[in-house]
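Data first, discussion second: the structure below is written as structure tokens.
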Amino acid sequence: MSLAVDLVMVLLILTTAVWTILVRDRRDAVIAFIVLGLLLSLVWMRLMAVDVALTEAAVGGGATGLVLLRACARLLPVEAEGALPGLRLQLAVGALCALVAAGLSAVILAPVDPAPTLAPAVAAHMDEVGMKNPVTVVLLAYRALDTLLEKVVLVLGLIGVWALAPDLFWGGRPASLRAATPSGTLDFLARVLPPVGVVIGIYLVWNGADHPGGTFQGGTALAAMWLLIMMAGLGELPETRALRLRRLVAVGPALFIAVGFAGFWMAGGFLSYPPGLAKPIIVAVEVALALSIAVILALMVAGPAAKEPER
Amino acid sequence: MTPATLYGICAAALVAIGLFGLILHPTPLRKVISFNLIGSGTFLLFGIAARRGAAAGFLGDPIPQAMVITGIVVAFAATALAVALLLRMLEAGAPTVDGSPDTPDDLSP
Amino acid sequence: MSLLLHLFTVAAVSAGVFFFLAGTVGLLRFPDTLTRLHALTKADNLGLGLIVLGLLPQCPDVTSALKLVAIWALVQLGGATASQLIAEFARRDGGGR
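Residue numbers (the working numbering), protein chains in the order written: chain A, 97 to 407; chain B, 336 to 444; chain C, 174 to 270.
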């Protein structure tokens with residue numbers, strides 16, 4: 097019975113994916129991609145991975161879709177855009193892709209028994225960390241090095257986006273997010289929703305210790321609220337050379353690296369936590385990380401500087 | 336057939352559909368979207384491994400789940416960088432389609 | 174007593190699903206943007222409201238029940254704003270597709 101539900105989900109997802117590739121208008125493709133992101137987060141729920149479902153809905157569907165929609169808004173409409181080259185080439189590439197799909201399906205359909213898993217290893221030491229959400233424990237205790245490197249990748253990505261500003265504009269404000277015509281409805285939403293959204297973001301970060309949630313999900317909610325305020329024109333995008341902004345971007349990774357090196361002195365290894373102090377240290381790092389992630393995500397959506405820095 | 340296996344086949348199909356779009360679409364924005372489809376399919380494959388690795392009282396192996404969360408955020412960063420690069424290339428006047436000057440992407444004034 | 178609650182849940186969720194179905198049919202069959210928005214908002218607010226109402230008896234404690242109601246309120250806010258914005262744009266654009 098439940099397999100019927102899964103079958104319907106799979107058909108929906110594949111239809112949406114094919115529609116994303118084949119539709120002519122690029123804005124339709126982006127909207128279909130956002131819908132695909134939401135459907136995928138439902139699939140993650142069916143796979144019992146709630147943290148991943150939250151991240152997919154927030155970052156995969158929401159933030160990525162937002163970046164692509166902004167790009168669509170700046171590109172002129174072109175007729176015959178999105179048309180694929182001739183039928184024979186399509187058939188040839190289609191055969192290649194079918195081969196790839198068959199290969200991957202063969203791997204899926206021939207599972208190893210018993211399935212390889214590291215879950216017992218994760219469960220063995222979770223009590224020492226003191227948190228009940230195994231994914232958060234993995235992200236911030238067992239594989240904290242991966243999370244640290246990912247933060248650094250985010251900062252490098254932001255620097256890359258900023259580096260694409262013309263020399264004249266370096267340090268200035270990014271292009272305004274405001275809509276062309278002012279809208280009372282958007283103004284209302286930007287006044288009512290951000291307090292609620294900030295509470296939800298903080299709740300997601302705090303609750304990630306014992307229940308599904310975490311820094312990425314909470315940070316994305318905070319970033320979305322800031323973007324909403326800027327889109328309604330109630331706040332201005334900061335100049336990219338502003339020191340306070342750059343400090344906010346750097347505080348998360350910097351604190352994480354500092355905690356890492358302090359681990360040599362406190363517990364005998366990079367990013368090791370002393371017994372009993374693991375949870376407070378992790379929570380402090382999480383707060384700084386959520387703040388940095390919120391600022392970095394919003395700035396990546398905003399893009400490189402597009403105006404000269406003010407004198 | 337368990338739900339995990341069914342979604343595994345769906346993931347393989349997603350990768351194939353994304354690959355089709357990546358190879359055939361001439362315009363860069365559609366290529367970025369197709370690349371994200373390939374990424375989503377790959378993350379789903381990790382999810383199948385996580386679901387199959389349910390043990391020790393967890394409903395899914397937490398390690399692949401953590402890797403997918405990391406992957407989704409890095410994929411977003413890569414997409415944002417690619418889109419910024421695309422828009423800057425068009426601003427600078429570079430042609431974005433090789434050999435098909437009749438399907439240009441142009442910036443609004 | 175619990176059988177009654179389960180029956181209430183099934184009835185309310187089924188009614189909610191019916192409203193979602195009606196909204197989707199409206200989205201597919203109505204001629205232009207404004208009428209489609211009308212179908213969507215009426216159906217989705219009622220549909221989601223009925224589903225939330227139906228799920229309330231299944232909540233283990235008051236906190237999760239309040240969370241469900243909060244989710245419904247937020248979806249109402251988001252949906253109402255989004256349809257207003259789309260309608261403004263459609264009217265400016267001249268009817269829309």
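For each residue, glycine too, the CB sits at the ideal point set by N, CA and C.
Bear in mind the structure is a predicted one, so any value in this text is a computation, not a measurement.
What would DSSP say about residue i, mapped onto helix, strand or coil?
{"i": "P376 of chain A", "result": "helix"}
{"i": "A401 of chain A", "result": "strand"}
{"i": "P291 of chain A", "result": "helix"}
{"i": "P216 of chain A", "result": "helix"}
{"i": "P278 of chain A", "result": "coil"}
{"i": "L395 of chain A", "result": "helix"}
{"i": "D396 of chain B", "result": "coil"}
{"i": "P439 of chain B", "result": "With a pLDDT of 49 at P439 of chain B, under the threshold of 50, the modelled position of that residue is not reliable, and no figure is offered here."}
{"i": "A113 of chain A", "result": "helix"}
{"i": "D433 of chain B", "result": "Only weak support exists for where D433 of chain B lies, its pLDDT of 36 falling under 50; the value from the coordinates is given anyway. Looking at D433 of chain B - three-state DSSP - the assignment turns out to be coil, as it is neither helix nor strand."}
{"i": "M424 of chain B", "result": "helix"}
{"i": "L103 of chain A", "result": "helix"}
{"i": "V119 of chain A", "result": "coil"}
{"i": "R407 of chain A", "result": "coil"}
{"i": "M402 of chain B", "result": "helix"}
{"i": "A389 of chain B", "result": "coil"}
{"i": "V208 of chain A", "result": "coil"}
{"i": "D124 of chain A", "result": "helix"}
{"i": "A305 of chain A", "result": "coil"}
Have a look at the options and flag the residue whose alpha-carbon is nearest the alpha-carbon of residue i.
{"i": "T151 of chain A", "options": "A:G331, A:L300, A:R407, A:L344", "result": "A:L300"}
{"i": "T316 of chain A", "options": "A:A401, A:A128, A:L395, A:D102", "result": "A:L395"}
{"i": "P422 of chain A", "options": "B:C345, B:F411, B:F355", "result": "Here chain A comprises residues numbered 97 to 407, so residue 422 of chain A is not present and cannot be evaluated."}
{"i": "L43 of chain A", "options": "A:A386, A:W115, A:V345", "result": "Any answer about residue 43 of chain A is impossible in this case: the structure gives chain A only from 97 up to 407."}
{"i": "A193 of chain C", "options": "C:V248, C:S256, C:N218, C:D266", "result": "For the record, residue 193 of chain C in the displayed sequence is Phe; it is not Ala. It is C:N218."}
{"i": "S137 of chain A", "options": "A:V119, A:R120, A:G156, A:D121", "result": "A:G156"}
{"i": "H211 of chain C", "options": "C:L221, C:G220, C:L200", "result": "C:L200"}
{"i": "L422 of chain B", "options": "A:V295, A:A202, A:Q186, A:C168", "result": "A:C168"}
{"i": "L393 of chain A", "options": "A:I296, A:L373, A:A320, A:L214", "result": "A:A320"}
{"i": "R264 of chain C", "options": "C:A188, C:T208, C:P233, C:G222", "result": "C:T208"}
{"i": "V292 of chain A", "options": "C:A260, C:K240, C:D234, C:P204", "result": "C:K240"}
{"i": "T337 of chain B", "options": "A:I353, A:F357, A:A206", "result": "A:A206"}
{"i": "L223 of chain C", "options": "C:T206, C:V235, C:D266, C:Q249", "result": "C:Q249"}
{"i": "E426 of chain B", "options": "A:M222, A:L195, A:L172", "result": "A:L172"}
{"i": "M222 of chain A", "options": "A:V381, A:P405, A:G372, A:V383", "result": "A:G372"}
{"i": "A185 of chain C", "options": "C:P233, C:F262, C:V225", "result": "C:V225"}
Report the CB separation of residue i from residue j in whole angstroms; it is logged as a contact under 8 angstroms.
{"i": "S279 of chain A", "j": "L333 of chain A", "result": "Contact flag wrong, Cβ pair sits at about 18 angstroms."}
{"i": "M227 of chain A", "j": "A149 of chain A", "result": "That belief does not hold up - the Cβ atoms of M227 of chain A and A149 of chain A are roughly 19 angstroms apart, past 8 angstroms."}
{"i": "A197 of chain A", "j": "A339 of chain B", "result": "At roughly 17 angstroms, the Cβ-Cβ gap does not stay under 8 angstroms, so A197 of chain A and A339 of chain B are not in contact."}
{"i": "V126 of chain A", "j": "I368 of chain B", "result": "7 angstroms"}
{"i": "G196 of chain C", "j": "L213 of chain C", "result": "5 angstroms"}
{"i": "L135 of chain A", "j": "I109 of chain A", "result": "5 angstroms"}
{"i": "W322 of chain A", "j": "A390 of chain A", "result": "7 angstroms"}
{"i": "S388 of chain A", "j": "V347 of chain A", "result": "6 angstroms"}
{"i": "V251 of chain A", "j": "A401 of chain B", "result": "With 8 angstroms as the limit, V251 of chain A and A401 of chain B do not qualify as a contact, their Cβ atoms being about 20 angstroms apart."}
{"i": "L258 of chain C", "j": "T281 of chain A", "result": "6 angstroms"}
{"i": "V403 of chain B", "j": "V163 of chain A", "result": "Their Cβ separation, rounded to whole angstroms, is 20 angstroms, which puts V403 of chain B and V163 of chain A out of contact at 8 angstroms."}
{"i": "L372 of chain B", "j": "L341 of chain B", "result": "Wrong, their Cβ atoms sit about 19 angstroms apart, outside the cutoff."}
{"i": "L416 of chain B", "j": "G253 of chain A", "result": "5 angstroms"}
{"i": "P230 of chain C", "j": "L178 of chain C", "result": "4 angstroms"}
{"i": "A398 of chain A", "j": "P270 of chain A", "result": "4 angstroms"}
{"i": "G189 of chain C", "j": "L221 of chain C", "result": "7 angstroms"}
{"i": "L380 of chain B", "j": "G343 of chain B", "result": "7 angstroms"}
{"i": "A374 of chain A", "j": "V225 of chain A", "result": "5 angstroms"}
{"i": "L364 of chain B", "j": "R407 of chain A", "result": "About 36 angstroms; that fails the 8 angstroms criterion."}
{"i": "A328 of chain A", "j": "A286 of chain A", "result": "3 angstroms"}
Is the beta carbon of residue j closer than 8 angstroms to that of residue i?
{"i": "K403 of chain A", "j": "F265 of chain A", "result": "yes"}
{"i": "L351 of chain A", "j": "L241 of chain A", "result": "no"}
{"i": "L344 of chain A", "j": "P290 of chain A", "result": "no"}
{"i": "V234 of chain A", "j": "P397 of chain B", "result": "yes"}
{"i": "G376 of chain B", "j": "R386 of chain B", "result": "no"}
{"i": "P409 of chain A", "j": "V257 of chain A", "result": "There is simply no residue 409 of chain A to check, as chain A begins at 97 and stops at 407 in what is shown."}
{"i": "P212 of chain A", "j": "G392 of chain B", "result": "no"}
{"i": "F411 of chain B", "j": "T243 of chain A", "result": "no"}
{"i": "L359 of chain B", "j": "V114 of chain A", "result": "no"}
{"i": "G310 of chain A", "j": "D147 of chain A", "result": "yes"}
{"i": "I383 of chain B", "j": "I204 of chain A", "result": "yes"}
{"i": "L330 of chain A", "j": "G297 of chain A", "result": "no"}
{"i": "A390 of chain B", "j": "A215 of chain A", "result": "yes"}
Subject >> Segments of 4+ residues assigned as alpha helix (DSSP H) that fall wholly inside the segment 307-381 of chain A >> reply: 311-327, 339-363
Original post:
What residues from the segment 327-359 of chain A come within 9 angstroms of chain E, judged by C-beta to C-beta, listed N to C?
Top reply: In the structure shown, chain E does not exist; the protein chains are A, B and C.
Original post:
Hey, which unbroken runs of the alpha helix (DSSP H) at 4 residues or more fall wholly within the segment 336-381 of chain B?
Top reply: 338-359
Subject >> Inside the segment 140-200 of chain A only - alpha helix (DSSP H) runs reaching at least 4 residues >> reply: With a minimum length of 4 residues, the continuous alpha helix (DSSP H) runs that stay inside the segment 140-200 of chain A are 146-151, 160-170.
Subject >> Unbroken stretches of the beta strand (DSSP E), 3 residues or longer, contained in the segment 241-269 of chain C >> reply: none
**OP:** Identify every run of the alpha helix (DSSP H) within the segment 217-287 of chain A, keeping only runs that are complete inside it and at least 4 residues long; order them along the chain.
**Re:** 222-225, 230-233, 240-259
Original post:
Can you give, in chain order, each stretch of the alpha helix (DSSP H) that sits fully within the segment 193-231 of chain C and has at least 4 residues?
Top reply: 206-228
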